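At position 341 of the sequence shown the residue is numbered 337 (the numbering used here), and the sequence of numbers has no breaks.
Idealized CB from N, CA, C, for every residue including glycine.
Predicted model, so just to flag it, every value in this text is computed and none were measured.
Written out below as structure tokens is the structure these notes cover.
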Amino acid sequence: MEQAVQNMTEAATIRLKILRPPISQYLERVKIHSKWHLDSFQNNSTALVWFEVVMMEYDLKKRNDPQVKTNYFLYFVVIIVNLTCFSCGTAFAWSSPVTPKLNDPDENPMGYTLSEEEVSWIVALMSLGAAVGPFAGGFLADKIGRKRTLLVYVIPLILSYALLAFSTNLYVYYVARFIKGTCVGLFLTVVPMYVGEVAEIHNRGILGCFTVFFVTIGMMYSFVVGPYLSIKWFSLSCNLGAVIFVVICTVLIPESPCYLVMKHKQEEAKKSLQKLRTSNSDEELLELAATVKESVAAQAGILDIFKTEYLTTVKESVAAQAGILDIFKTEYLTRTLRLSVGLMVIQQLTAISVINYYMQLIFESAGSQIPSEVSVMIVGAIQILGTFLSTLVVDKLGRRPLLLSSTLFTSLSLFILSLYFYLKTIKDVSNISWLPITTMIVYMVFYNVGIGPIAFAVMGEIYPPHVKSIASSLSVGCCYFCSFLAAKLFPILVSGVRWGAAISVLS
């Protein structure tokens, strides 16, 4: 027991030495908490929890340290990389303004009104592609790097929008939407991975929320521009973020230092870190290099305690690159995977994909006095506001309270909306026509403050390097497979049991 506590203390010393804090107050707490936890539960692996709790408390203190300087180039890098997520947002919301046009023979490029079945496939195939894309992303991210993977997959994204702009064939639409979904799934796997690796400890929570923030900006773009442009010009304009990303990323954005170390490119990793850290980072880099050998020795002791690969060095991680089956052989990794996949599934159970894909149709069916195009814009603006708020409160209020309140109020909002549709079938609801947009505003605020950004932020943080690619692929793949099922089945529910019952099922 004493040896276990000693090994944890050594590990804390190494980590805190790298971060250069006043460490004495934290080391004593590591001893107390880890000894209590080991004595109480007789489960050595769970002692890691208290180690991380103590370190998390230090991270929060570091955030408020006036000596910590902000590196604006790091924020610039994260913003540029997240332009791919802006493109993901345009892809998610593309169907909302386009679906009414596909039902109009005058605007439909195919020259005829599509059936509900055909429209549902156009909508849902993007989610099916997004369930496949993460696995290509995880593989390529480890083979050619995070940056190159993003650059390579921007090309098919641009081509998919070109196909949607110029095609007059339904099956080309199917193919284009699937390709677009594959790119979306890849971006939403690799971008959180990259951001989690380049971010500093004290700003990782905020930067991790940028992914969903940029997705919501892209969706807002679709909601605002889509209703007023033809399908052709709207689809072409959705490439704006991707084109800007290619131009800037090629020249200015560094590769992930974590990936470079994994490939034994120490000098390149150092140069990358120097770009991503403040001007006084040289001393920290030298100190980090000097403590690597010590950390290996300390972590070897922890490995004996926890029986897990969680705290192996990056070099050891590469030597034992894990496959899918290896994740399930380790208790810690299995629990981590369950946590991330669980958050992703809960995210989709809030019906976010259905709401985004069919939002304009929902407002049209609700019969609100506000035009459906305007209602969609208002809700899109609220999405951006909610995601922005999440970047401010996620590390102050904590993830658990935000997750609980988010799932509660999103479900409650959908339930009230379903009641509105039910009342609409039996009586005049003109006096409460404000209710649909109100429930959607409440829904979007709580979704984007909680489960929306947190699910992706957690995924980018919790996986160790040697399984991050494959584990992130599993998380995002499960997320968008659920999205595909919801998007495909929702029109069937609406046709069979009407809007109110269909939405109540989702709530």
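So what does DSSP say about residue i, is it helix, strand or coil?
i: Leu333; result: helix
i: Ser226; result: coil
i: Asp138; result: helix
i: Gly446; result: coil
i: Lys176; result: helix
i: Cys234; result: coil
i: Leu56; result: Here the model assigns Leu56 a pLDDT of 49, short of 50, so the residue's position is not dependable, and the following value carries that caveat. Of the three classes helix, strand and coil, the one that applies to Leu56 here is helix, per DSSP.
i: His260; result: coil
i: Gly107; result: coil
i: Gly297; result: Legend: pLDDT at Gly297 = 36, less than 50; position of this residue unreliable, no value from coordinates given.
i: Thr326; result: coil
i: Thr383; result: helix
i: Thr212; result: helix
i: Pro487; result: helix
i: Thr246; result: helix
i: Ser218; result: helix
i: Val168; result: helix
i: Ala195; result: coil
i: Tyr439; result: helix
i: Gln343; result: helix
i: Ser123; result: helix
i: Arg273; result: coil
i: Val425; result: coil
i: Ser156; result: helix
i: Ser268; result: helix
i: Pro253; result: helix
i: Ala286; result: Below a pLDDT of 50, predicted positions are generally treated as unreliable, and Ala286, at 43, falls in that range; the measurement from the model is reported next regardless. Of the three classes helix, strand and coil, the one that applies to Ala286 here is helix, per DSSP.
i: Ile366; result: coil
i: Thr9; result: Here the model assigns Thr9 a pLDDT of 44, short of 50, so the residue's position is not dependable, and the following value carries that caveat. The answer is helix: DSSP assigns Thr9 an H, G or I state.
i: Tyr476; result: helix
i: Lys101; result: The residue you asked about is not Lys; residue 101 is Pro in the sequence shown. Of the three classes helix, strand and coil, the one that applies to Pro101 here is coil, per DSSP.
Measure the Cβ-Cβ separation of residue i and residue j and say whether it is below 8 angstroms.
i: Pro93; j: Ser218; result: yes
i: Phe452; j: Ser402; result: no
i: Phe241; j: Val168; result: no
i: Phe88; j: Val191; result: no
i: Ala482; j: Ser349; result: yes
i: Ser429; j: Gly363; result: yes
i: Ser471; j: Ser336; result: yes
i: Ile437; j: Val372; result: no
i: Val194; j: Leu70; result: yes
i: Val77; j: Ile249; result: yes
i: Phe359; j: Ser500; result: no
i: Leu329; j: Ala238; result: no
i: Leu399; j: Gly446; result: yes
i: Pro96; j: Gln262; result: no
i: Ser468; j: Met455; result: yes
i: Tyr354; j: Phe486; result: yes
i: Arg331; j: Thr421; result: no
i: Lys392; j: Ser116; result: no
i: Ser386; j: Asn427; result: no
Could you spell out the range, first to last residue, of the alpha helix (DSSP H) harbouring residue i?
i: Thr403; result: Arg395 to Ile422
i: Ile75; result: Tyr68 to Val77
i: Pro93; result: Ser91 to Leu98
i: Ile348; result: Ile348 to Ala362
i: Ile202; result: Arg200 to Gly204
How many whole angstroms separate the CB atoms of residue i and residue j, which I take to be in contact at a CB cut-off of 8 angstroms?
i: Gly394; j: Gly214; result: Their Cβ separation, rounded to whole angstroms, is 28 angstroms, which puts Gly394 and Gly214 out of contact at 8 angstroms.
i: Thr383; j: Pro449; result: 6 angstroms
i: Ala127; j: Gly181; result: 6 angstroms
i: Cys179; j: Trp90; result: No, Cys179 and Trp90 are not in contact; Cβ-Cβ is about 13 angstroms, not under 8 angstroms.
i: Arg273; j: Asn67; result: 6 angstroms
i: Ile244; j: Glu103; result: With a Cβ gap of about 35 angstroms, Ile244 and Glu103 do not count as contacting.
i: Ala137; j: Leu232; result: Wrong, their Cβ atoms sit about 29 angstroms apart, outside the cutoff.
i: Glu264; j: Lys143; result: In fact, because the Cβ distance is near 12 angstroms, the residues do not count as touching under 8 angstroms.
i: Phe480; j: Leu184; result: Contact doesn't hold; Cβ gap of about 14 angstroms is too wide.
Tell me whether residue i counts as near the ligand FAD, meaning its Cβ is closer than 7 angstroms to at least one heavy atom of that ligand.
i: Arg395; result: Ligands displayed in this structure: none; no statement on the ligand FAD is therefore possible.
So, is the C-beta of residue i closer than 8 angstroms to a C-beta in chain B?
i: Ser409; result: This model lacks chain B altogether; it includes just one protein chain.
Quiz item: Does the segment 335 to 344 touch the segment 467 to 485, meaning 3 or more C-beta pairs lie closer than 8 angstroms?
Solution: yes
Quiz item: Given 8 angstroms as the limit, is there contact between the segment 152 to 166 and the segment 431 to 439, that is, 3 or more CB pairs closer than that?
Solution: no
Quiz item: Between the segment 125 to 143 and the segment 188 to 207, are three or more C-beta pairs nearer than 8 angstroms?
Solution: yes
Quiz item: For the segment 191 to 208 against the segment 222 to 241, are there 3 or more C-beta pairs whose distance is under 8 angstroms?
Solution: no
Quiz item: Just checking, does the segment 364 to 379 make contact with the segment 411 to 422 on the three C-beta pairs under 8 angstroms criterion?
Solution: no
Exercise. May I ask you to verify whether the segment 171 to 179 touches the segment 103 to 115, counting CB pairs closer than 8 angstroms and requiring at least 3?
Key: no
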